[in-house]
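Chemist: Using my numbering, read the sequence shown as starting at 0 and increasing by one per residue.
Provided herewith is a single structure, encoded as structure tokens, for subsequent inquiry.
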Amino acid sequence: MHRTITALMLALLLPGCSYSLPPLPFGLNNSSSSASPMAGPTWQTTTGSQRSGTELARLDDKAPQGSYETASRGALADRDFSTTRLDIERARDLINAYRKQKGLKPLKVNVELTNAAKNHSKDLARWDRISHFGSDGSNPMDRVKRTGYNARLAAENVGTGQTSIEEVLKSWQQSPGHNKNLLLPDAQHLGIALVHDTKTEFKTFWTLVVGTPM
């Protein structure tokens, strides 16, 4: 599936997601590898709540059918997550160093965007899947607005199965859509989160949100 950009008035959303798995017969583009991220869906940012007729995945799950992927049992059993952790300041510095290489201004950590990232990573871990849709049917712009961040621009990258911030950043950099989100010229803020749940098949759930306020 190709990543597309939807722009409407002053609201801009650039979706992207990635995951790390050995070759398995699933993924939005029907192929995957340890360095092969998958592209995400596209949203109309001003009509994110208008999803009438959506088929529910489960009784308490409002994510549209086909909007998420899950991992096969034991798919990541051979990976070592014993040292997996997130240092937000280090993540910010790595992202800003990459942006500096491209002549772009640095991003500042923002509390609201961090909360949006945390909430989505927790939700992905709860359902053990990768998606830009929350289990309540929300899209990234919905979640950013809920935190009180009045976004003119917002973009989200997600990743599952990576063992470190370096690995997930490399995965995003190697994907054109996710890389564009890392290098948005007008972005000012970022929020990033990791949920590491050993009981899940994906093990790690990374979410990066970047944005610019009105």
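Glycine included, each C-beta is placed from N, C-alpha and C at the ideal position.
1) Threshold first: 4 residues or longer. Then list the alpha helix (DSSP H) segments lying entirely within the region 79-141, N to C.
2) According to the neighbour-count rule (16 or more other Cβ atoms, all chains shown, within 10 Å of its Cβ), is T159 buried or exposed?
3) Can you round the beta-carbon distance between K202 and F80 to whole angstroms, since I take them to be within the 8 Å contact cut?
4) Tell me whether S120 is buried or exposed, calling it buried when 16 or more other Cβ atoms sit within 10 Å of its Cβ.
5) Closest to K104 by CA distance: which of T113, R142, R128 and I94 is it?
6) From this set, S66, V208, Q64 and K61, which residue's C-alpha is nearest P139's C-alpha?
7) Who does A192 pair with in a DSSP beta bridge?
8) Please report the distance separating the alpha-carbon of L123 from that of S130.
9) Buried or exposed: which applies to T113, given that a residue is buried once 16 or more other Cβ atoms fall within 10 Å of its Cβ?
10) Over what stretch of residues does the alpha helix (DSSP H) that includes G158 continue unbroken?
11) Could you tell me which of H177, Y67, G210 and M213 sits nearest to G136, measuring between CA atoms?
12) Taking buried to mean at least 16 other C-beta atoms within 10 Å of its own C-beta, is G215 buried or exposed?
13) Does DSSP put E165 in a helix, a strand or coil?
14) Looking at C-alpha atoms only, which residue of L183, L85 and T197 is the closest neighbour of T211?
15) Do R78 and T206 come within 8 Å of each other at the CB atom, strictly closer than that value?
16) Is it the case that the Cβ atoms of N178 and Q172 are separated by a distance below 8 Å?
17) Whole angstroms are fine: how far does the CA of D141 sit from the CA of G147?
18) Check for me: the beta strand (DSSP E) holding P63 runs from which residue to which?
19) What residue does the alpha helix (DSSP H) around G73 start on, and which one ends it?
Modeler: Reading from the atomic positions:
1) 87-100 and 110-126
2) buried
3) 5 Å
4) buried
5) Of T113, R142, R128 and I94, the residue nearest in Cα terms is I94.
6) V208
7) T206
8) 7 Å
9) So T113 counts as buried.
10) Per DSSP, G158 belongs to no alpha helix (DSSP H); it is in the beta strand (DSSP E), A150 to T159.
11) Nearest of H177, Y67, G210 and M213 to G136, Cα basis: Y67.
12) Residue 215 is absent from the structure shown; the chain starts at 0 and stops at 213.
13) helix
14) L183
15) no
16) Result yes, Cβ atoms of N178 and Q172 sit closer than 8 Å.
17) 10 Å
18) D60 to P63
19) DSSP places G73 in no alpha helix (DSSP H); its state is neither H nor E.
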